[in-house]
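Each protein sequence line maps, in turn, to chains W and X.
When the count follows our numbering, it moves up by one through the first sequence with no breaks and lands on 179 for the last residue.
When the count follows our numbering, it moves up by one through the second sequence with no breaks and lands on 1179 for the last residue.
Glycine residues also receive a C-beta, built at the ideal position from the N, C-alpha and C atoms.
Remember, it's a predicted structure, so these values are computed and weren't measured experimentally.
There are 2 protein chains.
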Amino acid sequence: MHCGQLTSSQLQIETDPDYGPAPMGPSEPPCSIAATLDVVGDRWTLLILRDLFRGVHRFGELQGDLGIARNLLTDRLHRLVEHGLVERVQYQDRPVRHEYRLTGKGADLSPALISLMAWGDRWYADAGPPVELVHDRCGTPIERQPKCPACDEVVAPGHIRSRPGPGSPVANLEIVDAS
Amino acid sequence: MHCGQLTSSQLQIETDPDYGPAPMGPSEPPCSIAATLDVVGDRWTLLILRDLFRGVHRFGELQGDLGIARNLLTDRLHRLVEHGLVERVQYQDRPVRHEYRLTGKGADLSPALISLMAWGDRWYADAGPPVELVHDRCGTPIERQPKCPACDEVVAPGHIRSRPGPGSPVANLEIVDAS
């Protein structure tokens, strides 16, 4: 389903064994899942983003909350700043102190974290979801499954098909079955 | 926002340096994002799942498509089978051959992969999305942003609040600001 015949990333970032496979060269067809995972495809990075969403912004707080080694946290934050998902903001003059804030690009990962959370809720929360996410205005739990806007219904994985989009180098419009 | 005051996982799996932090003990409050990432929180695992969704089911095909070392692929597939996201199915008698298929639990990660793909589409697909995901019945591109079913509108990250759910050990109903 995802990324049709497309298998690798168009991102040009450094090779780093911590992040799994190196991105392919620019001649490879693009895949937006791989592109995303090139930036946030490791557990620490996603947990740091989760904490920033939760309002944990300072290095020491992040370190304490996650139980992560200083050098790993420094590395992951540096990467997130470098890729524009997080910015380092001075919050105090004397002594100078900084904290980390999500940019618009970082905050835009909210739906992905929400979907990962929904899966954990469904498969590992025997006592029910530990946390509910609600719309601030009305308090209604938000809908986390993909929907068809035309049919106004949740679309199960077996009913999703992929086709080449505007950015695809693939000329034909072959539909790939998700099942 | 996500997981409110909750910081760690209730999963009991082995410690493995490849997968980042070890899950906390059973006395720690649960977090469904951490629970999910304990199982699928590495780039190879998510790329293997993507390929299984795409219809790549055999070891050799997965290896060739991903450019992954045999031992890493074996390890990740074993883990996915162990956690019930993937099953190993015999497809040939002589010689005996197996392939890997998503279970219902594995297929249920579809919304998470779709959300990760949507982020890559928005931030890294300069020429437009390489792939479009559509409803099989009507061909309409599916909606990938969280919606409020009561207000029938997409809810931006800044308008999502969290509150303790049925499975939360936290008694109070303090609302945590997502911004």
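Have a look at the DSSP bridge pairing and note the partners of residue i.
| i | result |
| --- | --- |
| P141 (chain W) | W:V134 |
| P1164 (chain X) | W:V131 |
| V154 (chain W) | W:K147 |
Exposed or buried, which one is residue i when buried takes at least 16 other CB atoms within 10 Å?
| i | result |
| --- | --- |
| G1084 (chain X) | exposed |
| Y181 (chain W) | A question about residue 181 (chain W) goes unanswered here, because the residues of chain W that appear run from 1 up to 179. |
| C1138 (chain X) | exposed |
| A1078 (chain X) | Per the sequence presented here, residue 1078 (chain X) reads as His, with Ala not at that position. When all chains shown are included, H1078 (chain X) counts as exposed. |
| T1074 (chain X) | exposed |
| R1058 (chain X) | exposed |
| S1027 (chain X) | Low confidence applies here, because S1027 (chain X) scores a pLDDT of 45, under 50, leaving its location unreliable and the question unanswered by this model. |
| A112 (chain W) | buried |
| V89 (chain W) | exposed |
| S168 (chain W) | buried |
| A127 (chain W) | exposed |
| G1104 (chain X) | exposed |
| P23 (chain W) | With a pLDDT of 43 at P23 (chain W), under the threshold of 50, the modelled position of this residue cannot be trusted, and the question is left open. |
| E1082 (chain X) | exposed |
| P1157 (chain X) | buried |
| D1093 (chain X) | exposed |
| D152 (chain W) | exposed |
| A107 (chain W) | buried |
| A35 (chain W) | buried |
| P146 (chain W) | buried |
| A1125 (chain X) | buried |
| A69 (chain W) | exposed |
| V1183 (chain X) | Residue numbering for chain X in the displayed model covers 1001 to 1179; residue 1183 (chain X) lies beyond these limits and cannot be assessed. |
| G1041 (chain X) | buried |
| G165 (chain W) | buried |
| P1149 (chain X) | exposed |
| H1002 (chain X) | Confidence at H1002 (chain X) is low in this model, with a pLDDT of 41, below 50, so its placement is unreliable and no value can be given for it. |
| G60 (chain W) | exposed |
| G1120 (chain X) | buried |
| I160 (chain W) | buried |
If you follow the alpha helix (DSSP H) that residue i is part of, which residue opens it and which one closes it?
| i | result |
| --- | --- |
| L1113 (chain X) | S1110 to Y1124 |
Is there a Cβ from chain A that is less than 8 Å from the Cβ of residue i?
| i | result |
| --- | --- |
| Y1124 (chain X) | Chain labels in this structure do not include chain A; the protein chains are W and X. |
Exercise for review: Using a Cβ-Cβ cut-off of less than 7 Å, list which residues of the stretch 138 to 165 of chain W approach chain X; keep chain order.
Suggested key: C138, T140, I142, E143, R144, Q145, P146, K147, C148, P149, A150, C151, V155, P157, H159, I160, R161, S162, R163, P164 and G165
Check your understanding: What are the complete alpha helix (DSSP H) segments, minimum 4 residues, inside the stretch 38 to 97 of chain W?
Key -> 43 to 54, 59 to 66 and 70 to 82
Review point. What residues in the stretch 34 to 51 of chain W have a beta carbon less than 7 Å from any beta carbon of chain X?
Key: A34, A35, T36, L37, G41, D42, R43, W44, L46, L47 and R50
Exercise for review: Could you list the residues in the stretch 83 to 100 of chain W with a C-beta less than 8 Å from some C-beta on chain X, going in chain order?
Suggested key: none
Review point. Can you list, in chain order, the residues of the stretch 1057 to 1068 of chain X whose Cβ is nearer than 9 Å to any Cβ on chain W?
Key: D1065, L1066, G1067 and I1068
Check your understanding: For the stretch 1106 to 1130 of chain X, which residues have a beta carbon sitting closer than 8 Å to at least one beta carbon of chain W?
Key -> A1107, D1108, L1109, S1110, P1111, A1112, L1113, I1114, S1115, L1116, M1117, A1118, W1119, G1120, D1121, R1122, W1123, Y1124, A1125, D1126, A1127, G1128, P1129 and P1130
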